[in-house]
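Asker: Have a look at this one before I ask anything.
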Amino acid sequence: MKAELSGISIVMLGSFNPKIFQPAWFAANELIRKLEAEEADTEIIHNDISIFRIGDWLRVEVTRDRFHASTEQEAYFEVLVDFVLGTFSLLSHTPAGILGINTSMHYRIKNEKLWHKIGDKLAPKEPWNSLMRDPGMTRVEMQDIRVDGPKGYLRVRVEPSTRITPGILINTNDHYEVDDPKNATGCSELMEILNTNWKSSIYGVEDIAKTIIG
Amino acid sequence: MQLARFKQYDQERIRIASDNIYLNDFEEEGEVAPSLYMDRKWKVITNPNVTSYGQVSFQECGFIAPQGEASVDSKINSTYIDIDDKSNLLQKEIPESPIVWYPFKYQRATLFTSFIKWRGVVLKIYKDCFLCRLVDQDGNSPDEEAEILLSEISDEDLQLIDIGAVFYWSIGYQTNPSGSRTRSSIIRFRRLPVWRSEELSEAQKKAEKTLIAFGIT
Amino acid sequence: MLTPPLNEEVEISIFGPGYGECILVHIGFNDWIIIDSCINPSSKEPCAVEYLSSIGVPLDTGVKLIIATHWHDDHIRGIGKTVNSCSNATFVCSDGLLTKEFITFIKAYGARPGLTKGVNEFDIVLKSLETSHRTPKYASAEKALWKRNGPNGKPPCCITALSPADFAIHLAKIQLKELFPQGNTTKRDVVAPQPNNVAVVIWIEVGDIYLLLGSDLENSPDKRHGWAAIVDSNLRPEGIASVFKIPHHGSKNADLPEVWEKMLIKNPLSVMTPFSKGNVSLPTLEDINRIKSQTSEGYITAPPGVKRVKKPKIVEQFVKGATKSIYQVNSFFGHARFRADLKSRPIDWKTELFQSATSLNSLKV
């Protein structure tokens, strides 16, 4: 089941030096094209925070304790993963112990009747009828703790899409952590987790959508 | 944009530091050292309510909203600075690490919806094209082999073409921020860091372990 | 389809193509051998595991031997899962592969699944063997791989490797050394080198029925390896095979008349998988006619040739503009199964053809 609009982001929590995360650095290390670096839209590069956009496909935001890279073009999902893996292969001594692989997928629903049916399935109206005149689902969020593999959980949020009508937005936050994230001395373990799990985190949403939408 | 935001951000930091000079670690008579405050690591929190296509989405990994995070550790529940909204200034306790709330600027992005996405591997290189195997990433169609024209590859990616080089090829519709939709084909070669000697040493160690397990030494 | 063979029946099943091929041999009394692996394009499952499960064979006890005659993912897709599922089977691969250099090569690439591809399956196999404390066996020319001495009324069985020859192992080691990544070089996928110097040709004797499974072995001008080395060897097991898995998709490069003359009965049951890649399609018409001149019992798991899959118009337009040519790889998939009673003489092979499998005589060429 394919989303009509989709985006992903990869977030890491740890200890970063925002100032080195500049387009020129990425180009010098051949992680992006030189021309992309030259044409980058840089919002701010500072000791505390760096934000820039590369081409029309990548946004990077780095603070002292958070690295965030995102794209809203499906053609670049794997490129984004490569970008993060490549970056932290070079910066393997960066302490980081928490990883989030997040997706935002907007799905078009055939008709409004089916759209309401999905909402009713996730949040039945019946218990609310005595309390509300016209209850309707605005958002449902569920969490599942991971039992095998790396520590963490999966959060899924479903709500009506404001971009596609009738449509639904499915957000997922696949959270991973190493055993002792606060005392992580590098990020190799986290990159191993990203390398092994990115495909299921990103493309696994299709199965979630199939179950929810039917 | 960079200069304006940087200046604005830096000016706000200086102003807060000046406003809080009494918080310095030491103060010599007649001398004030606001730079000490400036030298402390400032905690920058970007708005977690980042939007995707204009709608709030997860942007965190266990990330908590600024107010929530501040409540976890009251020592850093101090000065919030929204560099776009000066009315947001609150001063409560002595801050150990000043917090800056840097608001997210939503920019409408270019969208891409693919009909097909292949993962390709270069098998042979010819004068004007290269032979590659294409694997459908959705698994809907069988593998194919194609001779792709070199003229289809961007100049910088041409130098990445070699036997075994991997690329992604997506074909679909691209919608730019102004809403115009065009058909688009994107071929992009993978950029991966080079083999590091540590990786190769690690592989050797794993191989030795395997051989010992198999009784081959 | 869903009935297992009888205890006293020999079965040979060949699946493919599906990036590689898979051969299953029932040597009687619920003992099975698996050679190589491929994926069923419909179910995306390894053929061997899927088929054996469908006929009620317990994978943990029924499969005795899994032989890999290749090491590249393109030829053994699904073998990792197969080795995992057949938890008591002995794994066999070419002698040229269980060296420190090759395993280091596997570990270097295998450590980054998804990052680079080509040897992930072999890495999964090695991990599975380590976890289950199974020691692999190495195949080389004239080496016995497995024997059943015939207790409890079971017919004796012997499985012997006829290749790779010592010289081929030496060539394979040189070939593999060139693939090993060097520091400060770019990470790329591993492309399967040609020819396959580690091809393992298998000779199976069950009672007095002989099977020759030709793998991918090709001829060589150097008689120290290739088919000539096998035919000329005075150490190879005696016997004349009644079943022949034709090597390398029936190509001329893998055909040696002496094999038909000295190692096979007249008119042997012969089977192969096709190969379609780009504008190369094996077997060619010439190959088919040559094989038909040697046997009237020739079968193929799918007709050679390609078919085009229809794609959305926008995709077709871009593909047409960006490419000089584009072809599907291995369009069809089939399963050919042959069963014979171990005791009946003459041997009467019962042929069953599933999906795209067909006889050479029925091929429209």
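Residue numbers (the numbering used here), protein chains in the order written: chain R, 1 to 214; chain V, 215 to 431; chain A, 432 to 796. All C-beta atoms in this analysis are idealised placements derived from N, C-alpha and C, irrespective of residue type, glycine included.
Output the boundary residues of the beta strand (DSSP E) element that contains His68/R.
Answerer: Arg66 to Thr71
Asker: Looking only at its own chain, which residues have a Cβ that is under 7 Å from the Cβ of Lys693/A, when we skip the five neighbours before and after it?
Answerer: Excluding residues within five positions, the ones whose Cβ falls inside 7 Å are Val662.
Asker: In chain A, which residues lie less than 8 Å from Arg347/V when you measure between Cβ atoms?
Answerer: What Arg347/V touches in chain A: Val760.
Asker: Tell me Pro160/R's beta-bridge partners as DSSP assigns them.
Answerer: Ile168/R
Asker: What distance in whole Å lies between the Cβ atoms of Gly378/V and Val622/A, which are believed to be in contact at a cut-off of 8 Å?
Answerer: 5 Å
Asker: Count the other CB atoms within 10 Å of the CB of Gly549/A; is the residue buried (16 or more) or exposed (fewer)?
Answerer: buried
Asker: Does DSSP put Val286/V in a helix, in a strand, or in coil?
Answerer: Below a pLDDT of 50, predicted positions are generally treated as unreliable, and Val286/V, at 30, falls in that range; no measurement from the model is reported.
Asker: Counting only C-beta atoms, is Phe428/V closer than 9 Å to chain A at any point?
Answerer: yes
Asker: List, in order along the chain, the chain A residues whose C-beta lies closer than 7 Å to that of Thr324/V?
Answerer: Chain-ordered listing is empty here: chain A has no CB closer than 7 Å to the CB of Thr324/V, the nearest sitting near 18 Å.
Asker: Does DSSP classify Leu154/R as helix, strand or coil?
Answerer: strand
Asker: From the DSSP output, in three-state form, read off Lys781/A for me.
Answerer: For Lys781/A, the three-state secondary structure derived from DSSP is strand.
Asker: Between which two residues does the alpha helix (DSSP H) holding Arg721/A run?
Answerer: Leu716 to Gln725
Asker: Buried or exposed for Ser474/A, please, with buried defined as at least 16 other CB atoms from any protein chain shown within 10 angstroms of its CB.
Answerer: exposed
Asker: Could you check if Asn580/A is buried or exposed, using at least 16 other CB atoms within 10 Å of its CB as the buried criterion?
Answerer: Exposed, since its Cβ has fewer than 16 Cβ neighbours within 10 Å.
Asker: What in chain R is Cβ-close to Lys331/V, meaning under 8 Å?
Answerer: Under the 8 Å cutoff, chain R gives Glu74 and Ala75.
Asker: If I'm right that Ala417/V touches Lys531/A with Cβ under 8 Å, what's the distance once you round it to whole angstroms?
Answerer: No, Ala417/V and Lys531/A are not in contact; Cβ-Cβ is about 11 Å, not under 8 Å.
Asker: Select from Pro181/R, Asn197/R, Ile164/R and His106/R the residue whose C-alpha is nearest the C-alpha of Leu13/R.
Answerer: Pro181/R
Asker: Which residue comes first and which comes last in the beta strand (DSSP E) that contains Thr103/R?
Answerer: Ala96 to Arg108
Asker: Can you tell me the Cα-Cα spacing of Met191/R and Phe83/R, whole angstroms?
Answerer: 12 Å
Asker: Would you kindly report the start and end of the unbroken alpha helix (DSSP H) that includes Met191/R?
Answerer: Ser188 to Tyr203
Asker: Taking beta-carbon pairs under 9 Å, can you tell me which members of the stretch 24 to 50 of chain R lie near chain V?
Answerer: Asn29, Glu30, Leu31, Ile32, Arg33, Lys34, Leu35, Glu36, Asp41, Thr42, Glu43, Ile44, Ile45, His46, Asn47, Asp48 and Ile49
Asker: Quick one: what does DSSP say Lys349/V is sitting in, helix, strand or coil?
Answerer: According to the sequence shown, residue 349/V is Val rather than Lys. Strand, per DSSP.
Asker: Is any beta-carbon of chain V found at less than 9 Å from that of Asp180/R?
Answerer: no
Asker: Quick check on DSSP: helix, strand or coil for Thr211/R?
Answerer: helix
Asker: In whole angstroms, what is the alpha-carbon distance linking Lys125/R and Leu496/A?
Answerer: 59 Å
Asker: Applying the 10 Å Cβ sphere with the 16-neighbour rule, what's the burial state of Ile640/A?
Answerer: The residue is buried, with at least 16 neighbouring Cβ atoms inside 10 Å.
Asker: Going along the chain, which unbroken runs of the beta strand (DSSP E) with 3 or more residues stay wholly within the stretch 452 to 489 of chain A?
Answerer: Taking only runs of at least 3 residues, the beta strand (DSSP E) segments lying wholly in the stretch 452 to 489 of chain A are 453 to 457 and 463 to 466.
Asker: Is it right to say His503/A is buried, meaning 16 or more other beta carbons lie within 10 angstroms of its own, or is it exposed?
Answerer: Around the beta carbon of His503/A, 16 or more other beta carbons sit within 10 angstroms, so the residue counts as buried.
Asker: I'd like to know if Ser89/R contacts chain V, where contact means its C-beta is closer than 9 Å to some C-beta of that chain.
Answerer: True, the Cβ-Cβ gap to chain V drops below 9 Å.
Asker: If you compare alpha carbons, which of Ser188/R, Gly55/R, Tyr76/R and Phe21/R is closest to Ser9/R?
Answerer: Tyr76/R
Asker: Taking the alpha-carbon positions, what's the His601/A to Ser651/A distance?
Answerer: 14 Å
Asker: If distances are taken between C-alpha atoms only, which option among Gly429/V, Phe428/V and Lys423/V comes closest to Lys538/A?
Answerer: Lys423/V
Asker: If distances are taken between C-alpha atoms only, which option among Asn698/A, Pro587/A, Thr704/A and Lys744/A comes closest to His766/A?
Answerer: Thr704/A
Asker: My output table needs one value for Ile426/V: the three-state DSSP class, helix, strand or coil.
Answerer: helix
Asker: Please confirm if Tyr382/V has its CB atom under 9 Å from at least one CB of chain R.
Answerer: yes
Asker: Starting from the Cα of Phe16/R, find the closest Cα among Arg146/R, Phe52/R and Ala96/R and give me that residue.
Answerer: Ala96/R
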